[in-house]
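Take a look at the structure set out below.
There are 2 protein chains.
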Amino acid sequence: MISLDANSSPTPEELPPEIDGLRMTKQRREVFSVVLAERDHPTANDVFSRSQKRMPTISLATVYNCLEALVSHGLVRQVNFEREPSRYCPNLSDHCHFQDEKTGTIHDVVFKEGVNLADFLELPQGTEVSHLEISLKGRIGSN
Amino acid sequence: MISLDANSSPTPEELPPEIDGLRMTKQRREVFSVVLAERDHPTANDVFSRSQKRMPTISLATVYNCLEALVSHGLVRQVNFEREPSRYCPNLSDHCHFQDEKTGTIHDVVFKEGVNLADFLELPQGTEVSHLEISLKGRIGSN
DNA sequence: TCTTCGAATTAGAATAATTCCAATTATTGC
DNA sequence: GCAATAATTGGAATTATTCTAATTCGAAGA
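Chains F and S supply the protein sequences, listed in that same order. Whatever position you read off the first sequence (first residue = 1), add 4 for our numbering. Whatever position you read off the second sequence (first residue = 1), add 4 for our numbering.
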């Protein structure tokens, strides 16, 4: 399990050659470490420009490929706010997202202890939810 | 208030010249009546082609303009599933959306009696939510 | 009714995020 | 080391949506 400790995220070199059956190529390690490093929900473009610092030859297509690989292997979450560009989040714990309308900043929001979907939604019986996305927008405090 | 009775949705001609301070032009009436008529969460393109049946001269840009006017006046809701094209929904009651992965069909899902956000989310104090979108994906029954 | 003026509509161009493609390069298993 | 497979690359293509500039509409007043 990759550490989510905010104080020390792994450098690309510290990432193992394979995670959860996903072969960690140089580029995937770079991209993953970028997403792990600054947990500010970067867009693919953000990840691209950050990755370029250490790996100037990486291409945007590769960043998209790597993000897609990481997302489909459940190592990173893809976060959408309406029709804005997708963002990427390494926090795998059950949570949703709140965007401060003033600054655009995105905050992770956790569910209260012990709540689950069926508790607050009138889901048709037999429904199997494979994917859930909750996105909030608004203001914080007096801003 | 526009009737949401599933059995009889208003024809464009039946819509008033103004709703909630929004001037209902011929095109807006057409677009609105299309969204009210088939509550299948059509995309802008769907609305465009349906509108063209009665009004062959309407343009796609106008459909986008009209939808945007209707959405920003709170007469229609814009519904997003990840990065798919936006869909439009005339159901203004508090609800969210479930997409059947097999068919792509979108179903309205209502909240259980009396639940509200603060009950299940650990929102930072002072948070004012202006917009909330909950999108589910999955399968229904044995499909 | 005629005129005026702001708003709405239109067609088509522009934009921007993302995906696709074909060629090259890296990696794995033998 | 060699073939087979997978990943990367740059650039082109795609697609939903927005923008632009010109035209048309429609309400309000003369």
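The beta carbon of each residue, even a glycine, is placed where N, CA and C say it ideally should be. If you're wondering where the values come from, they're calculated on a predicted model, not measured in any experiment.
Residue i versus residue j: straight-line alpha-carbon distance, rounded
i, j, result
"F/Y68", "S/G130", "36 Å"
"S/N56", "F/L96", "First, the residue type needs correcting, since residue 56 of chain S is Gln and not Asn in the sequence shown. Going from the Cα of S/Q56 to the Cα of F/L96 covers about 45 Å."
"S/Q103", "S/L121", "22 Å"
"S/P94", "F/V80", "34 Å"
"S/H111", "S/I144", "11 Å"
"F/I23", "F/S53", "24 Å"
"S/P46", "F/V51", "33 Å"
"F/K141", "F/V114", "15 Å"
"S/P89", "F/R33", "32 Å"
"F/D123", "S/G78", "28 Å"
"S/A65", "S/L71", "10 Å"
"S/G118", "F/I62", "51 Å"
"S/E17", "S/R58", "12 Å"
"F/E42", "F/F36", "11 Å"
Neighbouring residues, chain S, relative to residue i (Cβ below 9 Å)
i, result
"F/L140", "L121, L125, L127, T131, V133, S134, H135, L136 and E137"
"F/F52", "Those within 9 Å of F/F52 in chain S number zero; the least Cβ separation is about 17 Å."
Local conformation of residue i per DSSP, three classes
i, result
"F/F102", "strand"
"F/K30", "helix"
"S/T66", "helix"
"F/S13", "coil"
"F/L127", "coil"
"S/V35", "helix"
"F/E132", "strand"
"F/K141", "strand"
"F/F85", "coil"
"S/V113", "strand"
"F/R58", "helix"
"S/E22", "strand"
Neighbour-count burial assignment, residue i, 16 or more Cβ in a 10 Å radius
i, result
"F/E137", "buried"
"F/N84", "buried"
"F/R27", "exposed"
"S/S7", "Summary for S/S7: the model assigns pLDDT 49, below 50, so the residue's position carries little reliability; its value from the coordinates is reported in the next sentence. It counts as exposed."
"S/P20", "exposed"
"S/S12", "exposed"
Interface residues of chain F facing residue i [CB-CB closer than 7 Å]
i, result
"S/N69", "Ordered by position in chain F, no residue passes the 7 Å Cβ test against S/N69, which lies about 16 Å from the chain."
Nearest candidate by alpha-carbon position, reference residue i, set the options
i, options, result
"F/S76", "F/H45, F/G25 and F/V119", "F/G25"
"F/E86", "F/L79, F/A73, F/H101 and F/C93", "F/H101"
"S/L40", "S/P14, S/P21, S/P20 and S/I62", "S/P14"
"S/V133", "S/R58, S/L140 and S/L125", "S/L125"
"S/K116", "S/T107, S/P128, S/H99 and S/T47", "S/H99"
"F/D44", "F/A65, F/Q82 and F/I23", "F/Q82"
"F/V149", "F/L74, F/K106 and F/P128", "Residue 149 of chain F lies beyond the range of chain F shown here (5 to 147); nothing can be said about it."
"F/Y92", "F/L19, F/E22, F/L64 and F/N49", "F/N49"
"S/S139", "S/L127, S/G108 and S/S53", "S/G108"
"S/P128", "F/S146, F/G118, F/P128 and F/V119", "F/S146"
"S/P60", "S/K30, S/H135 and S/G118", "S/K30"
"F/E105", "S/S90, S/E88, S/H135 and S/P89", "S/H135"
Neighbour list for residue i in chain S, Cβ cutoff strictly below 7 Å
i, result
"F/R87", "N84 and S90"
"F/E105", "S134"
Cβ-heavy atom distance, residue i to the ligand ATP, below 7 Å
i, result
"S/N95", "With respect to the ligand ATP, the structure offers nothing, as it holds no ligand at all."
Neighbour list for residue i in chain F, Cβ cutoff strictly below 9 Å
i, result
"S/F102", "L125, L127, P128, T131 and V133"
"S/V114", "L125 and E126"
Interface partners of residue i on chain F, CB under 8 Å
i, result
"S/R143", "T131, E132 and S134"
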